[in-house]
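A short write-up of the structure that comes next.
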């Protein structure tokens, strides 16, 4: 773990989930806090060695690998937590995450581990959907809506640099995940098109290396192509009415995905439902009730 400078006053800490940092004198604002206490401790130690103290954390969204360090930092240093509305509710009540992955039911224990359920933390400042700027100690930051991967995912911009969280993946990650986790495909497409037109010079995603504008545009194209490929595979398979489970199995077979645990399945199912809902809203598929199951079919047949 090390500080990687993008500019003299900002950069990121390379990690399984990259942590952005912005220096204000001897204080530091972090963009996300990592998965758990162990990560938080390492971040604090690293910054302390450079003469810095964590003052605040801005969470891009509520997934555990982005807010799991909040609790330790808040209890240890009194760090202030900033988070977007809706996401803030899950950060404060992380049990909601496995609940929504369980169709609203009480989740099985397997879904309540650290990878899906962070320790709770108090959000001191809720970033409203109408907020376009955030002022922390006279440093003005851009609040950039990047919806799609999460309900109210945001990015944080400063000095032509955009910390863009999980809003974009590189080619390696797209190949690895095959069906990227998104909860709203329409918004994710809007986000990708926004990123393409945005004017930042450096983009720092959470799970891959920083991108310049040329690299960003290439990644946008790859992400859009991946989403549309998934959409097309679903639609082309629905020549007759099929259930969600049949849609899932077809996608798993097509992408050579082997389900090995409930966590993996729950995340993939949520992503697939997002695609099915998008296709229905776009009138590319229709639904009916057949043999006590909700079934879906291609509208062009």
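Numbering (the numbering used here), first residue to last: 126 to 426.
The C-beta atom is built at its ideal place from N, Cα and C for all residues, glycine as well.
Computed from a predicted model, the values in this text were never measured in an experiment.
Among the options, which residue has its Cα nearest to the Cα of residue i?
i: residue 219; options: 191, 335, 342, 410; result: 191
i: residue 312; options: 334, 338, 272; result: 272
i: residue 416; options: 389, 392, 367; result: 367
i: residue 393; options: 132, 407, 305; result: 305
i: residue 217; options: 244, 424, 319; result: 244
i: residue 189; options: 223, 131, 386, 407; result: 223
i: residue 342; options: 241, 327, 396; result: 327
i: residue 285; options: 297, 268, 294; result: 268
i: residue 143; options: 159, 388, 372, 265; result: 159
i: residue 315; options: 270, 295, 357, 281; result: 270
i: residue 371; options: 352, 345, 401; result: 401
i: residue 239; options: 263, 262, 361, 195; result: 195
i: residue 409; options: 301, 363, 423, 164; result: 423
i: residue 283; options: 128, 387, 221, 136; result: 136
i: residue 171; options: 184, 185, 153, 183; result: 153
i: residue 134; options: 242, 264, 215; result: 264
i: residue 193; options: 163, 359, 207; result: 163
i: residue 364; options: 126, 241, 127, 425; result: 425
i: residue 357; options: 389, 391, 405; result: 405
Determine the direct distance from the alpha carbon of residue j to that of residue i, and round the result to whole angstroms.
i: residue 169; j: residue 278; result: 25 Å
i: residue 181; j: residue 379; result: 44 Å
i: residue 403; j: residue 309; result: 7 Å
i: residue 441; j: residue 156; result: Residue 441 is absent from the structure shown; the chain starts at 126 and stops at 426.
i: residue 148; j: residue 291; result: 23 Å
i: residue 419; j: residue 369; result: 8 Å
i: residue 303; j: residue 350; result: 12 Å
i: residue 275; j: residue 175; result: 33 Å
i: residue 132; j: residue 377; result: 43 Å
i: residue 249; j: residue 187; result: 15 Å
i: residue 293; j: residue 407; result: 23 Å
i: residue 354; j: residue 299; result: 12 Å
i: residue 259; j: residue 141; result: 27 Å
i: residue 227; j: residue 173; result: 40 Å
i: residue 237; j: residue 345; result: 33 Å
i: residue 151; j: residue 347; result: 40 Å
i: residue 130; j: residue 295; result: 21 Å
i: residue 317; j: residue 307; result: 12 Å
i: residue 333; j: residue 184; result: 18 Å
i: residue 178; j: residue 146; result: 11 Å
i: residue 387; j: residue 138; result: 31 Å
i: residue 297; j: residue 206; result: 32 Å
i: residue 374; j: residue 383; result: 10 Å
i: residue 329; j: residue 362; result: 37 Å
The alpha helix (DSSP H) that contains residue i, what's its start and end?
i: residue 374; result: 369-379
i: residue 360; result: 338-362
i: residue 192; result: 189-192
i: residue 202; result: 195-202
Can you name the start and end residues of the beta strand (DSSP E) that residue i belongs to?
i: residue 330; result: 327-330
i: residue 420; result: 418-423
i: residue 267; result: 264-270
i: residue 289; result: 286-290
i: residue 128; result: 128-132
i: residue 97; result: Residue coverage of the chain in this structure runs from 126 to 426, which leaves residue 97 outside it and unanswerable.
i: residue 149; result: 144-149
Reducing DSSP to helix, strand and coil, say where residue i ends up.
i: residue 181; result: strand
i: residue 162; result: helix
i: residue 155; result: strand
i: residue 173; result: helix
i: residue 208; result: strand
i: residue 413; result: strand
i: residue 317; result: helix
i: residue 471; result: Given a span of 126 to 426 for the chain in the structure shown, any question on residue 471 remains unanswerable.
i: residue 405; result: helix
i: residue 225; result: helix
i: residue 250; result: strand
i: residue 215; result: helix
i: residue 167; result: helix
i: residue 276; result: coil
i: residue 301; result: helix
i: residue 135; result: strand
i: residue 293; result: coil
i: residue 397; result: helix
The stretch 211-218 / the stretch 246-258 touching (three or more Cβ pairs under 8 Å): yes
If you pair each beta-carbon of the stretch 197-205 with each one of the stretch 221-241, do three or more pairs fall below 8 Å? no
Between the stretch 314-328 and the stretch 337-351, do at least 3 Cβ pairs fall closer than 8 Å? yes
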